[in-house]
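If you read the sequence shown in numbering that gives the first Met the number 0, its first letter stands for residue 0, the second for the next number, and so on.
Down below is the structure, laid out as structure tokens.
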Amino acid sequence: MMDFCMHAAFLLVGASASMSGMDDIRYGRDIRPILSDRCFLCHGPDRAQQQAGLRLDSFEAATAIRPDGAAVVPGDPSSSLIWQRITSTHADEVMPPSDSGKTPLTDEERRLVRIWIEQGAEYERHWSLVPLSVPQVPGIEDPWIRNEVDRFVFQTLQERNLRPNADADRATLARRVYLDLTGLAPTPSEIDRFISNTDPDAYEQLVERLMTEEPYASRHAERLATPWLDLARYADTSGIHMDAGRTIWPYRDWVLDAYLTNMPFDEFVVQQLAGDLLPDRTSAQLIASGFNRCHVTTDEGGSIDEEARFEYAVERTNTLGNVFLGLTVSCAQCHDHKYDPLTMEDYYGILAFFNNNEEPGLYTQSPDPNRALEPNFTITTGADQARIDALTSALRSLEVERDRPDPLEDERIADFEDGLRGDDWSWTVPPVLTAVSSAGSGLEIQADGSVLATSPAPVDDDYTIILETDRTDLRAIALEVLRHESLPGGRVGRAANGNGVLSGITVEVVSRADPTVRRPVPLSWAWADVEQQNADFRVVNALRPDDGRVWAIDGHQSPDDRIAMFLSEAPFGFEDGSIVIVTLGFHSPYAHHSFGNVRIQLAEVPTDVLTRLPTARTNWYIAGPFTPGTAEASYDTAFGPEAAGPLDFVASYEGRKWRHAPLVLEGQAVGLAEGVGAEYVAREFHSPTPRTVELSLGSDDGILVYLDGELVHENRIDRGVAPDQDSISIDLPAGRSTFVMKIVNTGGPAAMYYREEPSADALAPDMLAWLLPSEAADRLDERARIAWRTSHSPRWLELTSSIDAKNTELEGVRSGLPMTMVMNERAEVRPTFVMMRGLYDAADEARPVTRAIPAVLGSLDVQGVPSRIDLARWLVGDENPLTARVTANRIWAMFFGEGLAETVEDFGFQGSWPSHPELLDWLAVGFRDGGWNVRELIRTIVLSSTYRQASDEIGPGDPSLYARYPRQRLTAEQIRDQALHVSGLLVERLGGPSVKPYQPDGLWTEVAMPQSNTRVFERGEGEALWRRSLYTYWKRAAPHPAMLTLDAPTREYCATRRLTTNTPLQALVLWNDEQLVEAARATAARVLSETPEGMRIVDLYRRCTGGEPSEEIASLMHASLVDFTERYRGDAEAARSLVGIGESEVPEGLSVDELAAWTMLANAVLSSDAAIVKD
């Protein structure tokens, strides 16, 4: 850490010195770097290390009166102790001391300190900690300026009497933006197409295509994913000691998909830090939580479990600080930070968020290199993933086609909806006179006509709500269950999880003119927008308040409003006005599950609408088996469940009762009890009007059907079950009917089959949304539209059928799938303490910490114990000034090689002052307030003139001023991928398991423990050899050697940026690596096969570099080709050996010696500066 900090400080000192000609001294830019580097180690925020009780990192402390004077006396350098000490010539007085390891201040640095004190010694908050606000955009006008980025850059150049470069030529610009946005260079034809496009916005079109159109969109995602995986320390092995293999590549694929879909960065952050905790989390969100599992783990025998687990939490804390805060929080693990305002309490407050994962510290060793370390989650992988990807893609295409707007359909739907409601259907919210709770709950009448429960929920309750109405002929009652911020989680129910359960609803009407006239209002039918699916929770259950069945509204899974519609058996309402008494019962095994906020509306129902309401049904129930001994007795004996009347869940029939049968599904054969005997299967119908229902039945063996106790069908037969064996009609009366099937088994297996023929007259249930009160109708409109299309649109039906078939096929593939590593929060929060010296077993129990953000950044505004969700949302909230700045800076660095703040990893006191602070803030604010749109931020950068400049050096100047585009060497992955792309070998497929391309034999064995499951490298075959480098299997102890040589990180820890080196080994890799030599051979073969002889040198150069060779280069290439040709014509064995490198096939019909010569030339060009450097 010290080496790094001193290095960063050196850079800062240089930055300060560069301001020597300016007297506009700023503490943050000019003074703090000097003090931080020379003074803060002993006189900074680390309380334990402050010497002489002196602190210089705040105005109050530095100007405090001490016995020997103040360290800083604003306006008076000569009276300031700091000035006296830094200018002293006495060895025992000069600061920093000679034995401190710090160099004395230079004359220029002393001058800056003196001027700063003379100007008042103003301290300012560190630039990165200042709240984000929109800076003023310079009002400069110049033809060079294309967008606001250019205004900031141009102003800085203008202040230094500099002008920016002109635009790069079109070929150079095309290659630059292709490489930056997709990671792959353009082909000559792609460059030519761009050059020939004369549209004024040709470049803008190109940028848009590279980010949004395939195959470029997938390439763009792969390009963006690579630096993120460096940050996430993604790898395929555990690291240290055994370096065992493990499966976490689905997390990498989640990152790819997030970039492919341009997921907002705030969601990107929240899902990775807390995907496992999100309400109603998806599989993808759970996989995203693998971000916190990518770190090194151990299975080393003798390791201490608690120590390892603590180190995992430490690593997650450090990674969060590096990636999202841009702060070296790790420096506060063992002591208060030496430079930044971060205490140990701050550090362990963050660590407390990550100290509660349900995981071991020491993992067991396993021979399985594809194991997913617990906690884990089953996902797709391997060949299955490829199939799933293809099916998913086909599904998406079908869904896009099905869901495309159809104006004619929309017009027909509007006509249908208008015709359905007509003029006679309208809802009213009757005034609520009183609302009373039987359990004494507070019920408050709201302005919108709803009734809100305002006290803690009792175990059971009844709400009696008394309404007043003048309307008559009422038939429909709408019960709305509404969200409210005062309820748990802002949901609809009073249970702690936000759910609610209704056991019954009863209605009574009282004459307003004569209150002695009262009539019950029996309810005969019900419908609801949501019925919880995990048990017997249908809304029709509430029609019988006394039988134990309930309607559950799934409020814990979704916070949306709910609505149920009930139908009375007959119209109600007195001519002189009515008092309507509605009682809602909440009596169930689910304590405290009453509704929190309800509203009741009433409506008449026209007869033509009544006839179109769909029949409501209960779930299925089974009673039996009954085993009288013979098949004949099984047919002839009335065991009791067939009796008339509603299903009686209390009655016992020879010791057997009706029980819920969730496995009985319509349209499927359902197995029943084996052996001779009978079993009853029943449900209740609730029909708004008399109607006939057509049924298709099947049975193993015979079947008898009863409707309200009357035998309506009998088939005594021996057979196996099959669909549609018996077709019958049943006539339902208005109201409730009990439908019972008696399945008689004459021996062996038993089964039944049931299917209703759809009614041509009844509305699909989801279409009832159009009959609801307006708010609910609007909320459920899309469901109704889909239901209409399902019933009336042949196009929709055909495409939906195709979608269903694809879905069936997709589900068939999803079997026997592997797993990935995820987070899993413990139910009980593990206590966290400050750990002295950062040791796992040195908890200072006098210093407990709670989950919190660093105090310098504020506090979390949450109730109760904060979760990782709260932390993640704060990171991307308006209150945090760092994440937007850090991310915008990092994205800028992707395109310019360095960030606007050069130390992308350190936005603390030791970090560099931004070259253009206002530009950085403008980008950060736009990024945050623009919906965290990564693609839009990138678009803003690459469309600027600053980005489009030529890289030619036209005069002296600091590269960070952006008077020219900074040339950059390609990354390790880009160099390899470009060679594969140019050669035509690159296999492009998004995602999938990691692959093992060429690498030297025996390398893994050299570094592996004998029992490691990654001791032996097994090279991949076929396409695995030519995938993009992103998918290369990453072994931490021995990463891919070519990419490691070209500065790829080991990913043992979070890598915030890659430093570019220049070594002889890199040249050897470019010339001799098997992958690159094979790519050169394949490139040569393409040139020989596709290009006329006189154009081959130019064509080869263009393929590899995107530009035209100069006469000098073309001459050198020709001379080299002659030499190579002579060599290989004289050494056939060497030629065969060269062209035989790699597994790809050598095209037939090519001369071996000629191919060998061109291979050498292609290798030279692919290794040249023109190929591996981005201009």
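In this text, a Cβ means the ideal position worked out from N, Cα and C, and glycines have one as well.
Exercise for review: Check whether the Cβ atoms of serine 557 and aspartate 760 sit closer than 8 Å, and answer yes or no.
Suggested key: Stepping through the sequence shown from its first residue, residue 557 is reached at position 558. Stepping through the sequence shown from its first residue, residue 760 is reached at position 761. No, they are not a contact pair.
Review point. Just checking my contact of glutamate 987 with proline 187 at CB under 8 Å: how many whole Å lie between their CB atoms?
Key: Counted from its first residue, the sequence shown places residue 987 at position 988. Counted from its first residue, the sequence shown places residue 187 at position 188. Not confirmed; about 19 Å, so no contact.
Review point. Roughly how many angstroms separate the alpha carbons of arginine 611 and leucine 762, rounded to a whole number?
Key: Your numbering for residue 611 matches position 612 in the sequence shown. Your numbering for residue 762 matches position 763 in the sequence shown. Taking the straight line from one Cα to the other gives about 6 Å.
Check your understanding: Using the C-alpha atoms, what's the distance from glutamate 408 back to glycine 499?
Key -> Here the question's residue 499 lines up with position 500 in the sequence shown. Here the question's residue 408 lines up with position 409 in the sequence shown. Approximately 38 Å, taken between the alpha carbons.
Exercise for review: Quick one: residues in its chain with C-beta nearer than 7 Å to the C-beta of alanine 1163, no 5 flanking neighbours on either side, listed in chain order?
Suggested key: Working through the sequence shown from its first residue, we reach residue 1163 at position 1164. Only Ser1119 meet the Cβ criterion.
**Study point:** Same chain, Cβ closer than 7 Å to aspartate 91, neighbours up to 5 away in sequence not counted
**Key:** Numbered from its first residue, the sequence shown carries residue 91 at position 92. Contacts found: none.
Check your understanding: Measuring CA to CA, which of Ile144, Leu209, Ala243, Arg208 is closest to phenylalanine 1016?
Key -> On the sequence shown, position 1017 is the one that residue 1016 refers to. Checking every option, the nearest Cα to that of phenylalanine 1016 belongs to Ala243.
Review point. Can you list, in chain order, the residues of its chain whose CB lies under 7 Å from that of proline 1176, leaving out five sequence neighbours each side?
Key: Examination of residue 1176 is not possible in this model, given that the chain is present from 0 through 1174 alone.
Practice item. Mind listing, in chain order, the continuous alpha helix (DSSP H) runs of no fewer than 4 residues lying wholly within the segment 1063 to 1097? Key: 1063 to 1071, 1073 to 1089
Exercise for review: For glutamine 948, count neighbouring C-beta atoms within 10 Å of its own C-beta (all shown protein chains included) and say buried if the count is 16 or more, exposed if not.
Suggested key: Here residue 948 corresponds to residue number 949 of the sequence shown, with the count starting at 1. Classification for glutamine 948: buried.
Check your understanding: Does the Cβ of proline 588 have 16 or more other Cβ atoms within 10 Å, making it buried, or fewer, making it exposed?
Key -> In the sequence shown, counting from the first residue as 1, residue 588 sits at position 589. By the 10 Å Cβ count, proline 588 comes out exposed.
Check your understanding: Does the Cβ-Cβ distance between alanine 70 and serine 77 come in under 8 Å?
Key -> Numbered from 1 along the sequence shown, position 71 holds the residue referred to as residue 70. Numbered from 1 along the sequence shown, position 78 holds the residue referred to as residue 77. Their beta carbons are not under 8 Å apart, which means alanine 70 does not touch serine 77 by this criterion.
Practice item. Between the Cα of leucine 111 and those of Met820, Asp98, Gly27, spot the shortest distance and give me the residue it belongs to. Key: On the sequence shown, residue 111 is found 112 positions in, with the first residue counted as 1. Checked all of Met820, Asp98, Gly27; the closest Cα to leucine 111 is Gly27.
Review point. Going by the beta-carbon positions, is the gap between isoleucine 82 and isoleucine 116 smaller than 8 Å?
Key: Residue numbering aside, residue 82 sits at position 83 when the sequence shown is read from its first letter. Residue numbering aside, residue 116 sits at position 117 when the sequence shown is read from its first letter. A quick correction: the sequence has tryptophan, not isoleucine, at residue 82. Yes, the Cβ-Cβ distance between tryptophan 82 and isoleucine 116 is below 8 Å.
Check your understanding: What is the residue span of the alpha helix (DSSP H) that glycine 676 lies within?
Key -> As a position in the sequence shown, residue 676 is number 677, starting the count at 1. First-last for glycine 676: 676 to 686, but that is the beta strand (DSSP E), not the alpha helix (DSSP H).
Review point. Does the segment 359 to 371 touch the segment 292 to 300, meaning 3 or more C-beta pairs lie closer than 8 Å?
Key: yes
Exercise for review: Work out the CA separation of arginine 292 and glutamate 952 for me, nearest whole Å.
Suggested key: Taking the first residue of the sequence shown as position 1, residue 952 is located at position 953. Taking the first residue of the sequence shown as position 1, residue 292 is located at position 293. If you take the alpha carbons of glutamate 952 and arginine 292, they lie about 45 Å apart.
Review point. Is it buried or exposed for glutamate 443, if we count other Cβ within 10 angstroms and need 16 for buried?
Key: Within the sequence shown, residue 443 is the residue found at index 444, counting from 1. Its Cβ having fewer than 16 others within 10 Å, glutamate 443 is exposed.
Review point. Which residue or residues does DSSP assign as beta-bridge partners of glutamate 713?
Key: Within the sequence shown, residue 713 is the residue found at index 714, counting from 1. In DSSP, glutamate 713 forms a bridge with Leu703.
Review point. Helix, strand or coil: how does DSSP classify serine 510 here?
Key: Looking up residue 510 in the sequence shown gives position 511. DSSP places serine 510 in strand when its eight states are reduced to three.
Practice item. Evaluate histidine 89 with the Cβ neighbour count: other Cβ atoms within 10 Å of its Cβ, from every protein chain shown; 16 or more gives buried, anything less gives exposed. Key: For the purposes of this step, residue 89 is identified with residue 90 of the sequence shown, where counting begins at 1. Exposed: under 16 other Cβ atoms inside 10 Å.
Practice item. Please report the residue range of the alpha helix (DSSP H) in which serine 801 lies. Key: Counting from 1 along the sequence shown, the entry for residue 801 is found at position 802. It spans 793 to 812 - the alpha helix (DSSP H) in which serine 801 sits, taken as one unbroken run.
Practice item. Mind checking who leucine 361 pairs with in its DSSP beta bridge? Key: Taking the sequence shown and counting its residues from 1, the one referred to as residue 361 is at position 362. Paired residue(s): Thr297.
**Study point:** N- and C-terminal bounds of the alpha helix (DSSP H) containing serine 1119
**Key:** Here the question's residue 1119 lines up with position 1120 in the sequence shown. Per DSSP, serine 1119 belongs to the alpha helix (DSSP H) from 1110 to 1128.
**Study point:** Cα-Cα separation, methionine 262 to aspartate 472
**Key:** Counted from its first residue, the sequence shown places residue 262 at position 263. Counted from its first residue, the sequence shown places residue 472 at position 473. Using only the alpha carbons, I get a separation of about 53 Å.
Review point. Going by other Cβ atoms of all chains shown within 10 Å of its Cβ, with 16 needed for buried, is serine 1166 buried or exposed?
Key: As a first step, residue 1166 is located in the sequence shown; it is residue number 1167 there, counting from the start. So serine 1166 ends up on the buried side.
Check your understanding: Between the C-alpha atoms of glycine 1129 and leucine 1099, what's the straight-line distance to the nearest angstrom?
Key -> Taking the sequence shown and counting its residues from 1, one reaches residue 1129 at position 1130. Taking the sequence shown and counting its residues from 1, one reaches residue 1099 at position 1100. Cα to Cα, glycine 1129 sits roughly 24 Å from leucine 1099.
Exercise for review: Can you tell me which of the three DSSP states alanine 551 falls into?
Suggested key: Here the question's residue 551 lines up with position 552 in the sequence shown. The answer is strand: DSSP assigns alanine 551 an E or B state.
Review point. I think valine 824 touches asparagine 317, with their Cβ atoms under 8 Å apart; what is that distance to the nearest whole Å?
Key: The sequence position of residue 824 within the sequence shown is 825, counting from 1. The sequence position of residue 317 within the sequence shown is 318, counting from 1. Valine is not the amino acid found at residue 824; the sequence shown has glutamate there. Their Cβ separation, rounded to whole angstroms, is 20 Å, which puts glutamate 824 and asparagine 317 out of contact at 8 Å.
Exercise for review: Jot down the residue ranges of each uninterrupted beta strand (DSSP E) in the segment 415 to 482, minimum 3 residues, whole runs only, in chain order.
Suggested key: 431 to 436, 442 to 444, 450 to 452, 460 to 468, 473 to 480
Check your understanding: Can you round the beta-carbon distance between alanine 495 and proline 487 to whole angstroms, since I take them to be within the 8 Å contact cut?
Key -> For the purposes of this step, residue 495 is taken as the residue at position 496 of the sequence shown. For the purposes of this step, residue 487 is taken as the residue at position 488 of the sequence shown. That pair is a contact at about 5 Å.
Exercise for review: Using 10 angstroms around the beta-carbon of serine 1109, count the other beta-carbons present and answer buried if the total reaches 16, otherwise exposed.
Suggested key: On the sequence shown, residue 1109 is found 1110 positions in, with the first residue counted as 1. Exposed.
Point to revise | Span of the beta strand (DSSP E) around glutamine 49 | key: As a working note, residue 49 is residue 50 in the sequence shown. Element bounds for glutamine 49: n/a, residue is neither H nor E.
Review point. Under 8 Å between the Cβ atoms of proline 521 and glutamate 568?
Key: Locating residue 521 in the sequence shown gives position 522, where the first residue counts as 1. Locating residue 568 in the sequence shown gives position 569, where the first residue counts as 1. Yes, these two residues count as a Cβ contact at 8 Å.
Review point. Could you give the residue range of the beta strand (DSSP E) that holds glutamate 755?
Key: For the purposes of this step, residue 755 is identified with residue 756 of the sequence shown, where counting begins at 1. It spans 749 to 755 - the beta strand (DSSP E) in which glutamate 755 sits, taken as one unbroken run.
Check your understanding: Taking the alpha helix (DSSP H) that valine 739 falls in, what are its first and last residues?
Key -> If you number the sequence shown from 1, residue 739 lands on position 740. It is not in any alpha helix (DSSP H) - valine 739 instead sits in the beta strand (DSSP E) that spans 734 to 744.
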